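Chemist:
Residue numbers (the numbering used here): 1075 to 1318.
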């Protein structure tokens, strides 16, 4: 069966610096792969390449549902973008401060020429956000509510894959569990695949089906979550998981 996402020999460079060095992994529909590692290891650079926001080096392959993304341009790439969407780390920074939440949530629908009527309320209810808040600005909502709005916007086009870049790290600890539970529920209901960028090991262990550990731009170990945490094989993985 064709995986939802298959990344092979991904290389991302910034000038002379290699941020991602021959990274390979795959994600199935309904599966969460956590990409974890120390700050600066290449997690976010990997995510930007998966989202086709940065072109990787020649020889890299990013295949979504069997279709190669690295060779797509213009209209072809635009047509496929609705199927893979990002959820950002900072819920306030990812929302326009002067645009009502309901308008922000339905913006992807307008951009892609899809019907908007009634969709803001549907999407807000889907993520547990009161539709009565549709006219409010981001500063009038809590961080958790803003992140729910960001998730609703990501879901507007009916994606099959979400790229979650530290989606709860900027939130108050008291509201993190609510967002984590929402993500779990949405995956169960919609069959979404998640690429979960996270350095919080407790959260990785709770949410991920499989884990890939990165160090200096490379994946040093990948495996089912319980196996990797209980019996890591790579020395760096053991050091990273235990802190010593």
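Glycine included, each C-beta is placed from N, C-alpha and C at the ideal position. Small disclaimer: the values here were computed from a predicted structure and weren't measured.
Have a look at 1205, 1260, 1227 and flag the residue whose alpha-carbon is nearest the alpha-carbon of residue 1156.
Modeler: Within the chain shown, numbered from 1, the residue matching residue 1156 stands at position 82. When each option's Cα is compared against that of residue 1156, the closest is 1227.
Chemist: Please name the residue, chosen from 1242, 1248, 1257, 1223, that lies closest to residue 1236 on a Cα-to-Cα basis.
Modeler: Taking the first residue of the chain shown as 1, we reach residue 1236 at position 162. Answer by Cα proximity: 1257.
Chemist: At 4 residues or longer, what runs of the alpha helix (DSSP H) sit wholly inside the stretch 1152-1209?
Modeler: Counting whole runs of 4 or more residues, the stretch 1152-1209 contains the alpha helix (DSSP H) stretches 1175-1185, 1193-1200.
Chemist: Going along the chain, which unbroken runs of the alpha helix (DSSP H) with 4 or more residues stay wholly within the stretch 1215-1302?
Modeler: Fully enclosed alpha helix (DSSP H) runs of 4 or longer: 1217-1229, 1247-1264, 1275-1281.
Chemist: What are the partner residues of residue 1081, as DSSP defines its beta bridges?
Modeler: Counting from one through the chain shown, the residue named residue 1081 turns up at place 7. Paired residues: 1099, 1136.
Chemist: I need the DSSP call for residue 1093, collapsed to helix, strand or coil.
Modeler: Taking the chain shown and counting its residues from 1, the one referred to as residue 1093 is at position 19. In the structure shown, residue 1093 sits in a strand (DSSP, three-state: E or B).
Chemist: Pull up the DSSP beta-bridge partners for residue 1111, would you.
Modeler: Sequence index remark: in the chain shown, residue 1111 carries index 37 (1-based). Answer is 1288.
Chemist: In the DSSP output, what is residue 1087 paired with across the bridge?
Modeler: Your numbering for residue 1087 matches position 13 in the chain shown. In the DSSP output, where bridge partners are listed per residue, residue 1087 has 1092.
Chemist: Cα-Cα, which of 1212, 1149, 1199 is closest to residue 1186?
Modeler: What you label residue 1186 is simply residue 112 of the chain shown in a count that begins at 1. Ranking 1212, 1149, 1199 by Cα distance to residue 1186 puts 1149 first.
Chemist: When you compare the stretch 1106-1125 with the stretch 1284-1297, are there three or more beta-carbon pairs, one atom per stretch, that lie closer than 8 Å?
Modeler: Touching, per the Cβ criterion.
Chemist: Alpha carbon to alpha carbon, what distance is there between residue 1223 and residue 1180?
Modeler: Taking the chain shown and counting its residues from 1, the one referred to as residue 1180 is at position 106. Taking the chain shown and counting its residues from 1, the one referred to as residue 1223 is at position 149. Taking the straight line from one Cα to the other gives about 10 Å.
Chemist: Using CA coordinates, which residue listed in 1311, 1091, 1238, 1199 is at the minimum distance from residue 1286?
Modeler: To locate residue 1286, count along the chain shown from 1; it is residue 212. Looking at the Cα atoms, 1311 is the closest of the given residues.
Chemist: State the Cα-Cα distance for the pair residue 1269 and residue 1253, rounded to the nearest angstrom.
Modeler: Looking up residue 1269 in the chain shown gives position 195. Looking up residue 1253 in the chain shown gives position 179. C-alpha separation (whole angstroms): 16 Å.
Chemist: Determine, using beta carbons only, whether residue 1271 and residue 1239 come nearer to each other than 7 Å.
Modeler: Taking the chain shown and counting its residues from 1, the one referred to as residue 1271 is at position 197. Taking the chain shown and counting its residues from 1, the one referred to as residue 1239 is at position 165. In contact: residue 1271 and residue 1239 (Cβ atoms closer than 7 Å).
Chemist: Would you be able to state if there are at least three C-beta pairs under 8 Å between the stretch 1081-1090 and the stretch 1204-1222?
Modeler: Counting Cβ pairs under 8 Å, fewer than three are found: no touch.
Chemist: Going by DSSP, name the residue or residues bridged to residue 1142.
Modeler: Residue mapping note: residue 1142 aligns to position 68 of the chain shown, counting from 1. Answer is 1137, bridged to residue 1142.
Chemist: Report the residue from 1092, 1158, 1101 whose alpha carbon sits nearest the alpha carbon of residue 1077.
Modeler: One-based indexing of the chain shown puts residue 1077 at position 3. With distances taken between Cα atoms, residue 1077 lies closest to 1101.
Chemist: Is the distance from the Cβ of residue 1303 to the Cβ of residue 1284 below 7 Å?
Modeler: The sequence position of residue 1303 within the chain shown is 229, counting from 1. The sequence position of residue 1284 within the chain shown is 210, counting from 1. Not closer than 7 Å, so no.
Chemist: Can the beta-carbon of residue 1138 be found closer than 7 Å to that of residue 1231?
Modeler: Locating residue 1138 in the chain shown gives position 64, where the first residue counts as 1. Locating residue 1231 in the chain shown gives position 157, where the first residue counts as 1. Result no, Cβ atoms of residue 1138 and residue 1231 do not sit closer than 7 Å.
Chemist: Within the same chain, show all residues whose beta-carbon is closer than 8 Å to that of residue 1233, passing over the 5 residues directly before and after it, in chain order.
Modeler: To locate residue 1233, count along the chain shown from 1; it is residue 159. 1156, 1157, 1158, 1159, 1266.
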